[in-house]
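Protein sequence lines, in the order shown, are assigned to chains L and H.
Quick note, the first sequence lines up with residues 0 to 358 if you use numbering that gives the first Met the number 0.
Quick note, the second sequence lines up with residues 0 to 283 if you use numbering that gives the first Met the number 0.
Ideal Cβ positions, reconstructed from N, Cα and C, are used throughout, including at glycine.
Since the model is a prediction, treat every value here as computed from it, not as a measurement.
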Amino acid sequence: MGAISLRNVVKRYGFGPKANPVIHGVSAEIADGEFVVIVGPSGCGKSTLLRMVAGLEEVSAGEIRIGDRVVNDLEPSERDIAMVFQNYALYPHMTVFANMAYGLKIARVPEAEIKTRVDKAAKILELGPFLERKPRELSGGQRQRVAMGRAIVRQPAVFLFDEPLSNLDAKLRAQTRLEIQKLHRELRTTSLFVTHDQVEAMTLAERMIVMNAGRMEQIGTPDEVYHRPATTFVASFIGSPPMNLVRGRAERNGFTAAGSQLLPLPAPAPRDGELVMGIRPEHVEMSSDLSAAGWPLRVQALEMLGAERLVYGLLGETLFTARLDATLPYPAVGDIVNLQAAPAHLHWFDAATSTRVAA
Amino acid sequence: MTVERRPLLDFASHAILLLGVAIVAFPLYLTFVASTHTAAEIVQAPMPLLPGDQLFHNYAAALTGSEHGQGSGAPVGRMMWVSLVTALGIAIGKIAISLLSAFAIVYFRFPFKQLVFWAIFVTLMLPVEVRIFPTYQVISDLHMLNSYAGLTIPLIASATATFLFRQFFLTVPDELVEAARVDGAGPMRFFKDVLVPLSSTSIAALFVIQFIYGWNQYLWPLLVTTNESMYPVVIGIKRMIAGGDAVQAWNLVMATAILAMLPPALVVVLMQKWFVKGLVDTEK
């Protein structure tokens, strides 16, 4: 029904030798009823990919299927999708009711049916009292809900969200995130949600696609993406503060970081050679006992965040961040402390390809 | 706005404003007074400055053309009708054509689009007066003299209005077009359901401007109408005044002038709210 299948989807602007590729062959299978978030930095092609699924951008090569139909050449309205835009794109001269009903009116749905569907959507979204108002008389959050209502009433196979929360303030954003989750539990409609905000991605996604520079870096559940990042890009993009990546050379039980600092390893690296070692700031332990086996960190700065404290320092020549529980004792700037990590928390990446090296 | 309390300045500014009003209003008042007297009373040395008792008689005479001096005695009622049809035709025609051409220029990709846009834009430099002889030739060859078509069609194409609508359409966010596409609205449906309602204030403002433009046309109707029954009222006034030392029915001429001023004034007064909104407001 609402499954989406992307097969080697490519987007190029322009033709011939001057063509400017922005998406380099993305393949993914999204199951019916799944909530998938596409996340990546700005300019990575995530919105373009979504707009290709919507039919607002042409597909240069490859194939997009929705359900069992290839939709490459179908108009947006024929694809059985609904889209929520970043700035909501409500028709300013129409009432909330007319905004939600417009698509149905064009599809020649009977008047009574339109009314039932709009009323139902308005009830779910608590828009009942506003049906006769114009969009400009509504607050940002209410407009956002109207945009969602317009999508819901069409009862599409797929919802497409293009950064729908980025125009809301932080508090409203968290609240709307919960509402979208609740809505998805009730409707179980396949959803594709684009965002640049990793918190949104982690909290909403059943699976997430991490994109960078027109390529799909990883697709997986938020747990997989956090615990087993497929590339150094994913490792540094997901998680805040980002994962520490130390470039160096592994030999038996030691790792020579850039700057010739030899770091003892709690367990051997998966293979010898040029590697990037990754470890999350929240996964290191710190002690002032320099005699134990560990990594010496010269503390350069401290940041108190409330529940936790960030310790910035130099490990060899690499800037390194550690996150400590704020109740623990902490070092002063200029101190040298000993860092230790459990073997399970070490990630290894190939230095040349930046891809994960299995342990 | 700042609030200032300076009585002398208040007095001076009011005096200047009142003087301005008097300068504009006095000729209008004189016209009205003249239209309420007999022809003989007006030509007396100090002209009467208070309205006379011939109001209904003069206006009825002018409208029906039942009484006239040496000049033309065509009924003004007919002229008003011709003027009204012409002005409405020009205003509505201009708006319809400009809306559609701006829609094409902004929302469609077609060969030589930029060239077309610049071609329209360049015609801004060619007002009716500049191209009046070739236009007359064309209208004459098409046997459109002395017809509503001849009075309106050459004046309908409007670069100004096209440009205005183009600028407005460019401010309509792209997402609105995309939302309409997702909703299944085709181009004409989008035009009818979204663009035209959004442009309503601009349309109203343009209607006022173009109605007055159409109503006040003088040179072009002077050329293409030779038949009394196709005179617009502005031409009619001119034809009522015979040359030379002939006795003029000034009272009827003045009544006609007042009648000619009424419809544009009414349009402005009735549509003032929309007119101002269209010029000032960019409601999205």
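- Met147 (chain L) does not reach chain H, its nearest Cβ partner there being about 13 Å away, counting only Cβ pairs nearer than 8 Å.
- Within its own chain, the residues whose Cβ lies closer than 7 Å to the Cβ of Ala86 (chain H), once the five positions on either side in sequence are excluded, are Phe210, Gly213 and Trp214, listed in chain order.
- Within the segment 83-101 of chain L, contact with chain H at the beta-carbon level (separation under 7 Å) is assigned to Phe84, Asn86, Ala88, Tyr90, Pro91, His92 and Tyr101.
- Looking at the backbone, the Cα of Phe120 (chain H) and that of Asp222 (chain L) are separated by about 60 Å.
- If one requires a minimum length of 4 residues, the alpha helix (DSSP H) runs lying completely within the segment 154-224 of chain L are 169-186 and 197-203, in chain order.
- By the Cβ-count criterion, Gly139 (chain L) is exposed, with fewer than 16 other Cβ atoms from all chains shown falling within 10 Å of its own Cβ.
- For Asn243 (chain L) against Gly277 (chain L), the beta-carbon gap comes to about 7 Å, under 8 Å, which counts as contact.
- Note: Trp294 (chain L) is bridge-paired with L:Leu338 in the DSSP secondary-structure output.
- Under the Cβ criterion of 8 Å, Pro75 (chain L) is counted among the residues facing chain H.
- Listed along chain L is no residue with a C-beta nearer than 8 Å to that of Leu194 (chain H); the closest approach is about 10 Å.
- Looking from the CA of Thr200 (chain H), the closest CA among H:Met78, H:Val275 and H:Val105 belongs to H:Val275.
- The count of Cβ pairs closer than 8 Å, one atom from the segment 13-22 of chain L and one from the segment 113-124 of chain L, stays below three, leaving the stretches out of contact.
- Residue state for Thr354 (chain L) is assigned as strand, using DSSP reduced to three classes.
- Put simply, of L:Phe348, L:Arg132 and L:Leu323 the residue whose alpha carbon is nearest the alpha carbon of Val336 (chain L) is L:Leu323.
- Here the alpha carbon of Ala24 (chain H) sits roughly 32 Å from the alpha carbon of Glu227 (chain H).
- Note that the segment 159-171 of chain H does not touch the segment 30-42 of chain L; fewer than 3 beta-carbon pairs, one per stretch, sit closer than 8 Å.
- Around Arg108 (chain H), no beta-carbon contact reaches into chain L at under 8 Å, the shortest distance being about 13 Å.
- Around Ile94 (chain H), the same chain offers Ala160, Ile202, Leu205, Phe206 and Gln209 as residues with beta carbons nearer than 8 Å, after the five sequence neighbours per side are excluded.
- Scanning chain H for C-beta atoms nearer than 8 Å to the C-beta of Ile105 (chain L) yields Asp182, Gly183, Ala184 and Arg188, reported in chain order.
- Under the three-state reduction of DSSP, His13 (chain H) is assigned to helix.
- At a cut-off of 8 Å between beta-carbon atoms, Leu55 (chain L) makes contact with chain H.
- Straight-line measurement puts the Cα of Asp334 (chain L) at about 31 Å from the Cα of His226 (chain L).
- Lys237 (chain H) counts as exposed, since fewer than 16 other beta carbons sit within 10 angstroms of its beta carbon.
- Residue contact check for Ala204 (chain H) against chain L: no CB pair falls below 8 Å.
- Distances from the CA of Ser82 (chain H) to each of H:Ala248, H:Leu48 and H:Gly149 were compared; the closest alpha carbon is that of H:Gly149.
- Note on Glu302 (chain L): under 16 other CB atoms within 10 angstroms of its CB, so exposed under the neighbour-count rule.
- In the three-state scheme derived from DSSP, where H, G and I count as helix and E and B as strand, Ala59 (chain H) is classed as helix.
- For Val25 (chain L), the secondary structure class from DSSP, reduced to helix, strand or coil, is strand.
- With 16 or more other Cβ atoms inside 10 Å of its own Cβ, Asn57 (chain H) counts as buried.
- The alpha carbon of Gln247 (chain H) has as its nearest neighbour, out of H:Ile138, H:Phe109 and H:Glu40, the alpha carbon of H:Glu40.
- The residue from L:Ala146, L:Val9 and L:Glu77 with its alpha-carbon nearest to that of Tyr90 (chain L) is L:Ala146.
- For Ala81 (chain L), the chain H residues whose C-beta falls within less than 8 Å of its own C-beta are Val181, listed in chain order.
- An exposed status is given to Pro110 (chain H), since fewer than 16 other beta-carbon atoms sit within 10 Å of its beta-carbon.
- Contact between the segment 25-33 of chain H and the segment 5-13 of chain H is absent, with fewer than three C-beta pairs closer than 8 Å.
- In the three-state DSSP reduction, Gly333 (chain L) falls in the coil class, being neither helix nor strand.
- Residue L:Val233 holds the alpha-carbon nearest to the alpha-carbon of Met207 (chain L) among L:Val233, L:Ala300 and L:Arg355.
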